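Mapping of the sequence shown onto this note's numbering: residues 80 to 209, in sequence order. Even for Gly, the Cβ is constructed at its ideal location relative to N, Cα and C. Please read these numbers as outputs of a predicted model, since none were measured by experiment. Written below as structure tokens is the structure these notes are about.
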Amino acid sequence: MNDPRKALFARLTIPISLMTRVLVCSILATMAVTNSHAAPCFDSPQKAYDYLLSQEAAKTQAREQYIVNINRANEGELVSLDGIGSSKAQAIILYREMFGGFTTVDELSKVKGIGEKTVEKNRRRLSVQD
Numbered sequence: 080m081n082d083p084r085k086a087l088f089a090r091l092t093i094p095i096s097l098m099t100r101v102l103v104c105s106i107l108a109t110m111a112v113t114n115s116h117a118a119p120c121f122d123s124p125q126k127a128y129d130y131l132l133s134q135e136a137a138k139t140q141a142r143e144q145y146i147v148n149i150n151r152a153n154e155g156e157l158v159s160l161d162g163i164g165s166s167k168a169q170a171i172i173l174y175r176e177m178f179g180g181f182t183t184v185d186e187l188s189k190v191k192g193i194g195e196k197t198v199e200k201n202r203r204r205l206s207v208q209d
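Have a look at this one:
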């Protein structure tokens, strides 16, 4: 006797197989697009290490070139400065809110916990105007 379920399954096998191939291809294409910024493969640990060092140097250089306007900077931007942690960043923001904006970069040393050395270390990255 012919089982109608077997006949139905036989008819669906080819389309499901084709559908699976299409699905797998689209997933692979999506992965290729989303992983376009993935780190390359290396043939030696030394090349991988050198690549990581160069990436870190590039990030550090970009961070060091970013100018921070101390009259508008949020906590995250202030924390990017040398010697400024979360509590000092909050102190800068509080000082700014209490006394108004800074007119010079040197005024930053009036904030409790921030001295002349910290201002000097960051001088080339500090701004008081846009």
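| Check | Outcome |
| --- | --- |
| Quick check on DSSP: helix, strand or coil for VAL147? | strand |
| Where does SER188 sit, in a helix, a strand or coil, going by DSSP? | helix |
| Please identify the residue among VAL158, ALA136, VAL198 and MET177 whose C-alpha is closest to the C-alpha of LEU187. | VAL198 |
| Counting only the same chain and skipping the five closest in sequence on each side, list residues whose C-beta sits under 8 Å from that of PRO119. | TYR130 |
| DSSP puts SER206 in a beta bridge; with which residues? | ASN148 |
| Can you tell which of PHE181, ILE163 and LYS189 has the C-alpha that lies nearest to the C-alpha of ASN201? | ILE163 |
| Whether or not the stretch 122-141 and the stretch 165-173 are in contact is what I'm after, with contact meaning three or more pairs of Cβ atoms, one per stretch, closer than 8 Å; do they touch? | no |
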